Amino acid sequence: MEALSETTPQASAGAALPLLRIDAVGKRFGGFTAVDDLSLDIKAGEFFALLGPSGCGKTTLLRMLAGFEMPESGRILLNGEDVASMPPHRRPVNMMFQSYALFPHLNVRDNIAFGLRRAGVSRVEINARVAELVALVRLEGLEKRRPEQLSGGQRQRVALARAVARRPRLLLLDEPLAALDKKLRDSTQRELLALQRKLGLTFIVVTHDQDEAMTLADRIGVMNAGRLVQVATPRQLYEEPRSRWVAEFVGDINIVEGRIEARDAGRLRVTTQGAGVLTALAPRGFGDVADVCVAIRPEKIRLSQRAPADNSGASTINRLEGTIADVNYLGSASSYTIALDGGATLRASLANAARVNADAYAVGQRVTAWFSPDDCVVLDR
Amino acid sequence: MSGRRFAAMSRFNVVSLALGFAFLYLPIVILVIYSFNASQLVTVWGGWSLRWYTAFFNDEAMLAAAATSLRVAAVSATLAAVLGTLAALALVRGERFKGRTLFSGMLYAPLVMPEVITGLSLLLLFVALGAERGFWTVTIAHTTLTMCFVAVIVQSRLGSIDRSLEEAAMDLGCGPVKAFVAVTLPLIAPAIAAGWMLAFTLSLDDLVIASFTTGPGSATLPIRIYSEVRLGVKPEINAICALIIGAVTLAIVTASLAAKLSSRRGGNAAPM
Chain A
1167 MEALSETTPQ
1177 ASAGAALPLL
1187 RIDAVGKRFG
1197 GFTAVDDLSL
1207 DIKAGEFFAL
1217 LGPSGCGKTT
1227 LLRMLAGFEM
1237 PESGRILLNG
1247 EDVASMPPHR
1257 RPVNMMFQSY
1267 ALFPHLNVRD
1277 NIAFGLRRAG
1287 VSRVEINARV
1297 AELVALVRLE
1307 GLEKRRPEQL
1317 SGGQRQRVAL
1327 ARAVARRPRL
1337 LLLDEPLAAL
1347 DKKLRDSTQR
1357 ELLALQRKLG
1367 LTFIVVTHDQ
1377 DEAMTLADRI
1387 GVMNAGRLVQ
1397 VATPRQLYEE
1407 PRSRWVAEFV
1417 GDINIVEGRI
1427 EARDAGRLRV
1437 TTQGAGVLTA
1447 LAPRGFGDVA
1457 DVCVAIRPEK
1467 IRLSQRAPAD
1477 NSGASTINRL
1487 EGTIADVNYL
1497 GSASSYTIAL
1507 DGGATLRASL
1517 ANAARVNADA
1527 YAVGQRVTAW
1537 FSPDDCVVLD
1547 R
Chain B
134 MSGRRFAAMS
144 RFNVVSLALG
154 FAFLYLPIVI
164 LVIYSFNASQ
174 LVTVWGGWSL
184 RWYTAFFNDE
194 AMLAAAATSL
204 RVAAVSATLA
214 AVLGTLAALA
224 LVRGERFKGR
234 TLFSGMLYAP
244 LVMPEVITGL
254 SLLLLFVALG
264 AERGFWTVTI
274 AHTTLTMCFV
284 AVIVQSRLGS
294 IDRSLEEAAM
304 DLGCGPVKAF
314 VAVTLPLIAP
324 AIAAGWMLAF
334 TLSLDDLVIA
344 SFTTGPGSAT
354 LPIRIYSEVR
364 LGVKPEINAI
374 CALIIGAVTL
384 AIVTASLAAK
394 LSSRRGGNAA
404 PM
């Protein structure tokens, strides 16, 4: 994995150091390995998301960056300085907590000014900075309110203002939007992005919500069982997953298992269990394995009542005959479950582009599902 | 309290409520009224007078006992507030501390232990140590009893505080001690105040433990009153009791107001 191999110390000798280098960091709690020999580089100004199921170690990693947990092995280099054993109050890093952790006995103003007071900033400058931050997160007129008198969205903005007040090199956000309802989450996501660009800060956000990670992040690190399984841009992660686990974790996907029959001209022919013989694009650097699985996203599958005509050399198009087994109307799209004649089940997602056309296919109808070899991802089983 | 709920009560409910309150508070009301009695005899009404209050304020021995009681109560409540808060911190925050379950069980023991046993065991301890019994032995005895109450009150408040508040303070540049002082202490202060009030009241009321652990010359007010009453109830006692009731009521009301304030600040409830 390229993003991981970059992080070996030898590779960077002489090259400019990244803002943050996590180097072979490990952490165990009793017999449970929370973070397992993990390495990662974060560039200055980047918006990075750590995505993973609960218990994958992403929060532990974040807490090690903040200084609330000490790693058992490895180094955490911030601007080249090892901060792994530095206590939280000495680190030039700030964190926004999932619960926001606003001080209930202080008003909005004093919450935001809290970190500045500790830093020994002069009273005049504190006033100026707080006024600036209050304007930045649009909380004018609420300075004297206590956290309990604010709405969820307002609290989130106070927490954000407080966390960026000291202008940290690195801002850590633990599930920053989890406590907000759906509508508010969408607008807050845009605000968060705008704020990050405006302040030029480096953000690391921990989330279990892949839509959030996709929307916000420049790069996403997917974690499972204490390890980073793939580090990539949102597009790469979705379109070019490196493993079956990532393919299944990120988004919806159909997976059929099979054996490679033939390789020619960059194409693989895979005999699958239950979906006939499929043609797929041979991935770069794919090892010499025979047992593979073919993965295809539901929205890349098209349906038609008759087999599509072969034109413009599309003879390699994958065509599968089957019967519609289930239809789920989801508003913007409909999800169809197709029982293939070969025995496998396929899910296809079709946009409801026209109002009256919504029920184009009904349960029991015979259809042909077809998709391009370029849209298939071949993965190691 | 909603007036609507009162309006919805049936006549039976009103009567039983009145009887219940009368049973609880009528004796106290009678005692307060009789403290203003002009008559020499406790049971005969002889008109309104402040005579027995004057008598009390001229009774040197009784005043000395009251002063001792107040000093014992103030000192032991303060010690109990400090120790009880530390114990609560150890119980709530000390995840790595081994005998936590045992310690928390032991903390509750004095709450359920008959006072006679607590008093007797402390007496034996003081005798064994050769400590001279007096003001300090009573104070220590009261501290051991009342710190448990403080610990229980502070513990429940502390448990309801989000742990990440202190972490946030550390994240924003406070060392661990500074974070405690700047964030946790203000949040548990009302609970500590409530605990102090309760400890003060308990110490002021206590007869049993005090009589085991006190020495000559440092009789507390309840001990003094008890020994007077054995010789026959003087109306002066009524006046003293009325004053004590006033003080205790004030303390309890303040304590519960403090607890209410504490729970309103943090969102979660403190006991009382």
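Protein chains in written order, with our numbering: chain A, 1167 to 1547; chain B, 134 to 405. Even for Gly, the Cβ is constructed at its ideal location relative to N, Cα and C. For clarity, every value in this text was computed on a predicted model and none was experimentally measured.
- Counting the other Cβ atoms within 10 Å of the Cβ of A/R1363 gives fewer than 16, which makes it exposed.
- A direct Cα-to-Cα measurement between A/R1335 and A/A1329 gives close to 11 Å.
- In chain order, D304 make up the part of chain B whose C-beta sits under 7 Å from the C-beta of A/A1232.
- At the C-beta level, B/S293 and A/A1267 stay beyond 7 Å of one another.
- For A/R1289, the enclosing alpha helix (DSSP H) begins and ends at 1289-1302.
- Within the region 295-327 of chain B, those residues whose Cβ lies closer than 7 Å to any Cβ of chain A are, in chain order, D295, S297, L298, E300, A301, M303, D304, L305, G306, C307, G308, V316, P319, L320.
- For the region 267-332 of chain B, the full-length alpha helix (DSSP H) segments reaching 4 residues or more read 268-292, 297-304, 309-312 along the chain.
- Taking a Cβ-Cβ threshold of 7 Å, the residues of chain B close to A/F1280 are L305, in chain order.
- The shortest C-alpha to C-alpha distance from B/L253 to any of B/T347, B/F156, B/I378 is the one to B/T347.
- Around the C-beta of A/L1337, 16 or more other C-beta atoms lie within 10 Å, and the residue is accordingly described as buried.
- The beta-carbon of A/H1255 is placed less than 7 Å from the nearest beta-carbon of chain B.
- By alpha-carbon distance to A/L1545, the top candidate from A/N1420, A/E1378, A/F1195 is A/N1420.
- Annotated three-state conformation of A/L1185 is coil, per DSSP.
- Secondary structure of A/C1542 (DSSP, three-state): coil.
- Inside the region 1236-1290 of chain A, DSSP marks whole beta strand (DSSP E) runs of 3 or more residues at positions 1239-1244, 1259-1262, from first to last along the chain.
- Partner residues in the beta bridge of A/W1536, as assigned by DSSP, are A/R1468, A/R1485.
- Here the alpha carbon of B/M195 sits roughly 20 Å from the alpha carbon of B/S182.
- Counting C-beta pairs closer than 8 Å gives fewer than three between the region 357-369 of chain B and the region 258-272 of chain B, which falls short of the contact rule.
- Within chain B, the residues placing a beta-carbon under 7 Å from that of A/M1261 are D304, ordered along the chain.
- Inclusion of A/V1422 and A/L1228 in the CB contact set at 7 Å is not warranted, their separation being larger than that value.
- In the structure shown, the three-state DSSP call for B/T211 is helix.
- Secondary-structure assignment with DSSP links A/Q1362 through no beta bridge to anything.
- For A/F1213, the nearest beta carbon of chain B is not closer than 7 Å to its own beta carbon.
- With respect to B/A327, B/A220 sits apart: the two C-beta atoms are not nearer than 7 Å.
- Take A/F1269, set aside five residues on each side of it, and the residues of its chain with a beta-carbon closer than 6 Å to its own are N1277, in chain order.
- Residue pairing by DSSP places A/W1411 opposite no residue, since no beta bridge is assigned to it.
- Residues of the region 1263-1277 of chain A with a C-beta atom less than 7 Å from some C-beta of chain B are F1263, S1265, A1267, F1269, P1270, H1271, listed in chain order.
- For A/Y1527, no beta strand (DSSP E) segment is defined, and its DSSP state is neither H nor E.
- In the DSSP assignment, B/F230 falls outside any alpha helix (DSSP H) and carries neither an H nor an E.
- Taking the Cα of B/I250 as reference, the smallest distance to any Cα among B/A343, B/N191, B/G350 is reached at B/A343.
- The beta carbon of A/A1250 sits closer than 8 Å to the beta carbons of V1191, M1230, M1236, P1237, G1240, R1241, I1242 from its chain, once the five residues preceding and following it are set aside; these are given in chain order.
- Pairing B/L335 with B/T387, the inter-Cα distance amounts to about 15 Å.
- With contacts defined by Cβ atoms closer than 7 Å, A/V1296 and A/A1279 form a contacting pair.
- Straight-line measurement puts the Cα of A/Q1439 at about 16 Å from the Cα of A/A1535.
- The region 237-247 of chain B makes contact with the region 273-283 of chain B, as at least three CB pairs between them are under 8 Å.
- Residue environment analysis places A/P1184 among the buried positions, since at least 16 neighbouring C-beta atoms fall within 10 angstroms of its C-beta.
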